[in-house]
Amino acid sequence: MRSSKKVLDNLWTSTPQSAGILKNGDLAALPDAARRYLQHAIVDGTHLATIVRLRMHGEIKLGRWLPFTAEQVIHRDRGMLWCATVRMFGLPVRGFDSYLDGQGEMRWKMLGLIPIVTGSGPDISRSALGRLQAELVWLPSALCGPEVSWTSSSEYQTQAEFHLHGHAATLELAVDSVGRLHMVKMIRWGNPSGGAYESLPFGGIVEDESRFGGYTVPSRLRVGWYLGTERFDTEGDFFHVTVDDAVYRCGRR
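Numbering (this note's numbering), first residue to last: 252 to 504.
See below:
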């Protein structure tokens, strides 16, 4: 891949056409938990964004907890690109994780010279698509269309089913009485223990939220594998993130 920063900037400028304006009346037929979630996440009358650019910081567990700073673009039609700098033993490790145009890839180098992690291929692509699926909570407008089917198992649990880049996708969301998101959960393809890839529970616990323009989205999360089991706290929790800024855009129709 070309310079990841250049690809990030190019991705950001390729804004897809808007799907229109959200009106609360459009959500009236949804299950109550789904309606509350979308009404809380997107201000009534907001243009439905097709792309978001995030700035974030946090810590990632790579044997031990390491600090990082990152920028990310999530593009409704093309996928996502996450560019980050991780400090390891005081030295910068820079690189990216991506799912773009049907292909997943990761490339990380210490000091910009020494390869640390590289990966691509079907398993990487399938896992990266799962990451994109979970991160749609940062682009909730992508969950507003008629192609998304919502069901609810309780007053506080709702499930979205849709197709993402040609693949069936499901997100389970836990919300409160006003629609604040508390947890996002799904089944993702991965190999957190380093063995064979398999389908595993994955998701995030939302610890705080923030308003960015017309969008209220998770701004502090704990993310990891085995969510919903005891293994999440002991071995699955690996990514703590705080979103510092989020900018939403859409191309006019």
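All residues carry an ideal CB built from backbone N, CA and C; glycine is no exception.
Here the structure is a predicted model, which means the values were calculated and not measured.
Annotated three-state conformation of residue 422 is strand, per DSSP. Of the other Cβ atoms in all chains shown, 16 or more fall within 10 Å of the Cβ of residue 327; this residue is therefore buried.
In its chain, beyond the 5 residues on either side, 415, 420, 422 and 437 have a beta carbon closer than 7 Å to the beta carbon of residue 384. In the three-state reduction of the DSSP assignment, residue 274 falls in the coil class.
In the structure shown, residue 483 falls within a helical segment according to DSSP collapsed to helix, strand and coil. In the structure shown, residue 477 falls within a coil segment according to DSSP collapsed to helix, strand and coil.
Straight-line measurement puts the Cα of residue 319 at about 25 Å from the Cα of residue 329. DSSP links residue 497 through a beta bridge to 305.
DSSP, reduced to helix, strand and coil, places residue 254 outside both helices and strands of the structure shown, so it counts as coil. Around the beta carbon of residue 340, a 10 Å sphere encloses fewer than 16 other beta carbons of the protein chains shown; the residue is thus reported as exposed.
DSSP places residue 335 in the strand class (E or B) of the three-state scheme.
Leaving aside the five residues that flank residue 355 on each side, the residues in its chain whose CB is nearer than 6 Å to its CB run, in chain order, 375, 376 and 379. With distances taken between CA atoms, residue 389 lies nearest to 472 out of 267, 472 and 397.
Here the alpha carbon of residue 483 sits roughly 7 Å from the alpha carbon of residue 475.
By alpha-carbon distance to residue 310, the top candidate from 499, 494 and 276 is 494. Going by beta carbons, residue 457 and residue 431 fall inside the 9 Å limit. Leaving aside the five residues that flank residue 343 on each side, the residues in its chain whose CB is nearer than 7 Å to its CB run, in chain order, 336 and 362. Contact between residue 465 and residue 325 does not hold, since their C-beta atoms are separated by about 16 Å, which reaches or exceeds 8 Å. Beta-bridge annotation (DSSP): residue 447 is not paired with any residue. Membership of residue 375 in the alpha helix (DSSP H) is indicated by the continuous run 373-385. Annotated as distal: residue 428 and residue 448, with beta-carbon spacing of 9 Å or more. Taking C-beta atoms as the reference points, residue 395 and residue 305 fail to come closer than 9 Å. Boundaries of the alpha helix (DSSP H) harbouring residue 288: 283-292, taken from the DSSP string. Inter-residue distance for residue 315 and residue 287 is about 38 Å (C-alpha atoms, whole angstroms). Taking all protein chains in view, the Cβ of residue 364 is surrounded by fewer than 16 other Cβ atoms within 10 Å, so the residue is classified as exposed.
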